[in-house]
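**Student:** This is the structure I want to talk about, given as structure tokens.
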Amino acid sequence: MSKYILKRILIALATMTVILFVLFLMMDLMPGSPFNDEKLTESQKVLLYAKYGLDQPFLVRFGNYFVNMLKGDLGVSYVISKNKAVSDLVAGPLWLSIKIGFFAMLIGTVLGLLLGIAAALKHNTWIDTLCSVIAIIGVSVPSYVFALLLAYYIGFKLHWTPILYNANNSAASSILPVVALAMFPIANISRFTRSEMIDVLNSDYILLVQAKGVPQGQLIRKHALRNTLIPIITIMGPLLVNLLTGSMVVEKVFGIPGIGMLMVNAITNNDYNLVIACAFVYSAMYIVMMLVLDILYGVIDPRIRVAKEGN
């Protein structure tokens, strides 16, 4: 197991290094400059480039950035908050986006599994139809549409929760964005759970367990659900990261100062270090999530681990 985990970690680290290089290269090729202030003269711009080391060759700049990143130094902001450490600028919004995305994913996973299991157990009944309709709506309607509907009806009409995010009342003001973001994972997880559970329940293995007289509750928990979870786990990682990367519009609707809004502002202002940091954080989260899922595969089904160790 340790060899399996170490191999996956090394692959993840190599992938993140390549991604960092590509991000750095893309920012270098982008038109424009972080010093687009019309009040700056050409000589002043030259001095600013020299001050921040932007006049050095590409590989030298990348090497310096990579070494500094290993030390926890992501550089400084050029525009949005001049000379302030990027790590300080990213930490707060990132934690806020992770917190909201985590609760949305938690609610989406629990409700999605319950709806999927209910639909599979009541296959071809009105319960199955209702769960399928909810899943179709959740997949078809974008999260920001749910956000607008919730903001109008729940926040504006009924006044049950605040519409705009308030740091002094974060719990109440996070309810609407969490619910809006949870709809997509609810729909996807319920669809996958229903499909996989139906296949598992009709398998010879489950029919044998039923023939032995195992109670239905135990059969679902210990046998059917375990075999259903592997494909479900496959989509949970990307779904969680998509909640963060796809939450920019939802953050805008509810005025949440998260990592999504910060990245949009950084791109608009050509704040190179901030753009690279935000984009790399998204990529790193995705890779780490896939690494965790890869390890979970080996824990849930040892056959996967043995097969991958042989590669």
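Numbering (my numbering), first residue to last: 963 to 1273. For glycine and all other residues, C-beta sits at the position ideal for the given N, C-alpha and C. Predicted model only: the values in this text are computed from it and were never measured.
If distances are taken between C-alpha atoms only, which option among Phe1154, Val1140, Lys1046 and Ser1049 comes closest to Ala1080?
**Tutor:** Comparing Cα positions, the closest option is Phe1154.
**Student:** Nearest CA to the CA of Phe983: which residue from Gly1037, Phe1028, Asn1086 and Ser1005?
**Tutor:** Phe1028
**Student:** Let me confirm a value: Gly1015 is counted as buried when at least 16 other C-beta atoms fall within 10 Å, else exposed. Which label applies?
**Tutor:** exposed
**Student:** Would DSSP call Val1103 helix, strand or coil?
**Tutor:** coil
**Student:** Let me check understanding here. Comparing Cα to Cα, which of Met1252, Lys1214 and Ile1137 lies closest to Tyr1106?
**Tutor:** When each option's Cα is compared against that of Tyr1106, the closest is Lys1214.
**Student:** Please confirm if the segment 1196–1204 is in contact with the segment 991–1010, defined as three or more CB-CB distances below 8 Å between the two stretches.
**Tutor:** no
**Student:** Does chain B have any CB closer than 8 Å to the CB of Cys1093?
**Tutor:** Protein chains in the displayed structure number just one, and chain B is not present.
**Student:** Where does Val1095 sit, in a helix, a strand or coil, going by DSSP?
**Tutor:** helix
**Student:** Taking Cβ to Cβ, would you say Leu1205 is nearer than 8 Å to Ala1066?
**Tutor:** Yes, the pair counts as a contact, with Cβ atoms nearer than the cut-off.
**Student:** Going by beta-carbon coordinates alone, are Gly1037 and Ile1151 separated by less than 8 Å?
**Tutor:** no
**Student:** Count the other C-beta atoms from every protein chain shown that fall within 10 angstroms of the C-beta of Val1268, then say buried if there are 16 or more, exposed otherwise.
**Tutor:** Its pLDDT being 48, under 50, Val1268 is placed unreliably by the model, and the measurement read from it follows with that caveat. Under this definition Val1268 is an exposed residue.
**Student:** Do Asn1227 and Asn998 have their CB atoms nearer than 8 Å?
**Tutor:** no
**Student:** Would you give the residue range spanned by the alpha helix (DSSP H) that Ala1134 belongs to?
**Tutor:** Ser1132 to Ser1135
**Student:** For Ala1173 and Asp1166, what's the separation of their Cα atoms in angstroms?
**Tutor:** 10 Å
**Student:** On the DSSP letters alone, give me the boundaries of the alpha helix (DSSP H) that Trp1057 sits inside.
**Tutor:** Its alpha helix (DSSP H) spans residues Val1048 to Leu1083.
**Student:** For Met1225, count the other beta carbons within 10 Å of its own beta carbon; 16 or more makes it buried, fewer makes it exposed. Which is it?
**Tutor:** buried
**Student:** Apply the 10 Å Cβ neighbour rule to Tyr1114 and answer buried if 16 or more other Cβ atoms are within range, or exposed otherwise.
**Tutor:** exposed
**Student:** For a quick check, are the C-beta atoms of Ile1275 and His1085 less than 8 Å apart?
**Tutor:** Any answer about residue 1275 is impossible in this case: the structure gives the chain only from 963 up to 1273.
**Student:** Give the secondary structure of Val1041 by DSSP, where H, G and I count as helix, E and B as strand, and everything else as coil.
**Tutor:** coil
**Student:** So, for Leu1110: in the same chain, excluding its five sequence neighbours on each side, which residues have a beta-carbon less than 7 Å away from its beta-carbon?
**Tutor:** Val1215
**Student:** Compute the Euclidean distance between the alpha carbons of Gly1063 and Thr1003, then round it to the nearest angstrom.
**Tutor:** 44 Å
**Student:** Whose C-alpha, out of Phe1024, Ser1005 and Arg970, is nearest the C-alpha of Ala990?
**Tutor:** The amino acid at residue 990 is misidentified as Ala; the sequence shows Asp. The residue with the shortest Cα to Cα distance from Asp990 is Phe1024.
**Student:** With 16 as the cutoff for other CB atoms within 10 Å, does Gly1220 come out buried or exposed?
**Tutor:** buried
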